[in-house]
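Colleague: Mind looking over this structure? Questions follow.
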Amino acid sequence: MTPVHRPTRRHALAAAAALTAAWALPAAQAQTAWPNRPLKILVGFPGGSSPDLMARLLADPLAQALGQPVVVENRPGAGGNIAAGAVARATDDHTIGLMINGNMTIAKILNPATPYDPLTDLAPVSLIAVSPLVLAVPASATATGAGFFDAARASGDRWNYGTPGVGTVAHLGMELLKSRAGLAPVHVPYQGNPQVISAMLGGQIQMALLPPGLALAQVRGGNLRAIGVTSRGRSSVAPELPSLAELGVRDMQLEIWNAVAAPNSLPKAHVNRLAALLADIVRRPEVRQTILNQGWQVAGTSPEGLAQRVRADTAAMTDVITRNNIRP
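With our numbering as the guide, the letters of the sequence shown map in order to residues 2 to 329.
So, in structure tokens, the structure goes:
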């Protein structure tokens with residue numbers, strides 16, 4: 002007679018554990034398979050803008066690395082804060098944003114009505130690229146180099162400076178420059194940088210901080226003169242120009258930057274993976290050169306590297322805003 006083998010309690014527990022593991026494995030695999038649908042990059046500026054071009058440059062190589070499509074979606078308005086707010090509120094784990102300085106640093110400080118807090122609602126992913134501003138003056142300016150600041154100080158508030166609006170990086174940067182160099186020109190806000198350049202060509206303003214892409218084209222065309230750049234040292238974007246520090250303006254560092262951020266709810270593992278992929282992409286020679294051609298210097302930092310930059314710039318710009326009582 003064939004003996005009947007009855008399952009012992011130990012065998013039953015082992016069978017149950019194996020069954021549980023079999024069910025858990027696909028579930029775990031599903032949780033770690035990210036992204037599992039298209040990833041969306043929100044851009045707070047229109048097509049053809051610098052942030053838009055940067056996002057589209059990153060989209061294809063990022064899609065290849067992730068194995069999912071990456072879609073760039075433009076939501077312009079409020080200096081990029083509409084898109085930044087949408088990123089902060091996203092809960093689908095598949096929405097990130099291409100941001101500028103203001104969206105991740107001073108938005109809430111400059112305007113308390115901003116519907117998100119950059120420091121608590123956004124997760125820094127990676128600082129993509131940085132660029133100094135160029136202190137530009139009319140081509141007719143007779144003083145250059147350190148002598149320009151002597152002339153500007155002597156002119157007091159009889160000189161004007163232009164910006165693309167109250168609370169922009171150019172505005173805050175010029176107020177910072179005024180305090181560092183002892184200047185007193187009067188602020189004249191315009192609709193945008195093209196209008197700033199027209200005003201300088203027309204003699205309505207005597208100086209402005211401009212993005213290199215705009216400033217250098219005018220300088221090379223003989224319309225404007227460049228005094229220097231606002232980075233701590235010389236920049237690869239315009240290596241022929243001295244830093245303002247070289248000209249005697251101490252403690253003057255100001256850069257515009259593009260960065261990728263995510264909702265604060267995005268799991269840290271996904272944030273770290275995105276940061277590593279983006280750092281690799283921007284360091285590829287062909288991508289690096291394209292970014293340089295657009296007037297930017299590659300960064301490609303870790304999440305903590307971007308977080309440190311956000312904290313430092315927030316502190317510096319908060320001081321400028323409060324000291325000058327700047328409101329949009």
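All C-beta atoms in this analysis are idealised placements derived from N, C-alpha and C, irrespective of residue type, glycine included.
1. Should R285 be listed as close to the ligand GDP, given that the test is whether its C-beta is under 7 angstroms from any heavy atom?
2. Out of curiosity, what's the CA-to-CA distance linking A40 and A155?
3. Could you name each continuous alpha helix (DSSP H) segment of 4 residues or more that falls completely within the segment 31-90, going from the start of the chain to the end?
4. Span of the beta strand (DSSP E) holding H188?
5. Rounded C-beta distance between N82 and D53? I'm assuming under 8 angstroms.
6. Buried or exposed for V131, please, with buried defined as at least 16 other CB atoms from any protein chain shown within 10 angstroms of its CB.
7. Name, in chain order, the residues that DSSP records as bridge partners for Y162.
8. Would you grab the beta carbon distance between L134 and L255 for me? Rounded to a whole angstrom, and I think it's under 8 angstroms.
9. Go ahead and pull the three-state DSSP assignment for M318.
10. Helix, strand or coil, according to DSSP, for P240 in the structure here?
11. Among residues of its own chain, excluding the 5 on either side of G163, which ones have a beta-carbon nearer than 6 angstroms to its beta-carbon?
12. Alpha carbon to alpha carbon, what distance is there between L58 and S263?
13. In terms of residues, what are the limits of the beta strand (DSSP E) holding V135?
14. Please classify R316 as buried or exposed, where buried requires at least 16 other C-beta atoms within 10 Å of its C-beta.
15. Going by beta carbon distance, what residues of the same chain come within less than 8 angstroms of P212, once the five residues before and after it are set aside?
16. Should G249 be labelled buried (16 or more other beta-carbon atoms within 10 Å of its own) or exposed?
17. Report back the beta-carbon spacing between L1 and A144 to the nearest angstrom; my notes put them in contact at under 8 angstroms.
18. Alpha carbons only, please: which of G306, A60, L293 is nearest the one belonging to L43?
19. List the DSSP bridge partners of M100.
20. Short of 7 angstroms in beta carbon distance, which residues of its chain neighbour K109, apart from the five on each side in sequence? Order them along the chain.
21. CA-CA distance, D151 and L202?
22. Helix, strand or coil: how does DSSP classify A398 here?
23. Reducing DSSP to helix, strand and coil, say where A147 ends up.
24. Taking the CB atoms as reference points, tell me whether N265 and D122 lie closer together than 8 angstroms.
25. Look up P125 in the DSSP assignment and say whether it is helix, strand or coil.
26. Please confirm whether A300 and M100 have their CB atoms less than 8 angstroms apart.
27. Restricting to Cα atoms, I'd like to know which of Q309, L307, V283 is closest to Q298.
28. Distance check for P243 and M253, CA to CA, integer angstroms please.
29. Please work out which residues of its chain come closer than 6 angstroms, Cβ to Cβ, to A91, disregarding the five sequence neighbours upstream and downstream, and give them in chain order.
Modeller: According to the data block:
1. For the ligand GDP, the structure offers nothing, since it holds no ligand at all.
2. Here the sequence assigns Leu to residue 40, which means Ala is not the residue at that position. Computed Cα separation, rounded: 55 angstroms.
3. Every alpha helix (DSSP H) of 4 residues or more that sits fully in the segment 31-90 is shown, in chain order, as 51-67, 82-90.
4. Start and end: 187-190.
5. Incorrect: roughly 16 angstroms between the Cβ atoms, too far for contact.
6. By the neighbour-count rule (16 or more Cβ atoms within 10 Å), V131 is buried.
7. The partner list for Y162 (beta bridge, DSSP) reads H188, M208.
8. Yes, L134 and L255 are in contact; Cβ-Cβ is about 6 angstroms, under 8 angstroms.
9. In this structure, M318 counts as helix in the three-state DSSP scheme.
10. The answer is coil: DSSP assigns P240 none of H, G, I, E or B.
11. Take G163, set aside five residues on each side of it, and the residues of its chain with a beta-carbon closer than 6 angstroms to its own are V189, Y191, V197, A200, I206, A209, in chain order.
12. A small correction: the amino acid at residue 263 is Ala; Ser does not occupy that position in the sequence shown. Distance from the CA atom of A263 to the CA atom of L58, rounded to whole angstroms, is 18 angstroms.
13. Run containing V135: 135-139, per the beta strand (DSSP E) assignment.
14. Residue identity differs from the one stated: residue 316 is Ala in this sequence, not Arg. It counts as exposed.
15. Correct list, in chain order: S51, S132, L134, V135, N194, I257, G296.
16. In summary, G249 is exposed, with fewer than 16 beta-carbon neighbours lying within 10 Å of its beta-carbon over all protein chains present.
17. With the chain represented from 2 up to 329, any question about residue 1 goes unanswered, as that position is not in the structure.
18. Nearest of G306, A60, L293 to L43, Cα basis: A60.
19. DSSP links M100 through a beta bridge to A260.
20. So the qualifying residues of the chain are T115, D118, P119.
21. The C-alpha of D151 lies about 22 angstroms from the C-alpha of L202.
22. Residue 398 lies beyond the residue range present for the chain, which begins at 2 and ends at 329; the question has no answer from this structure.
23. It is helical.
24. Cβ atoms of N265 and D122: closer than 8 angstroms.
25. Here P125 sits in strand by DSSP.
26. No, Cβ-Cβ distance for A300 and M100 is not below 8 angstroms.
27. Nearest of Q309, L307, V283 to Q298, Cα basis: V283.
28. If you take the alpha carbons of M253 and P243, they lie about 13 angstroms apart.
29. If the five residues before and after A91 are omitted, its C-beta is found closer than 6 angstroms to the C-beta atoms of P264, all from its own chain and listed in chain order.
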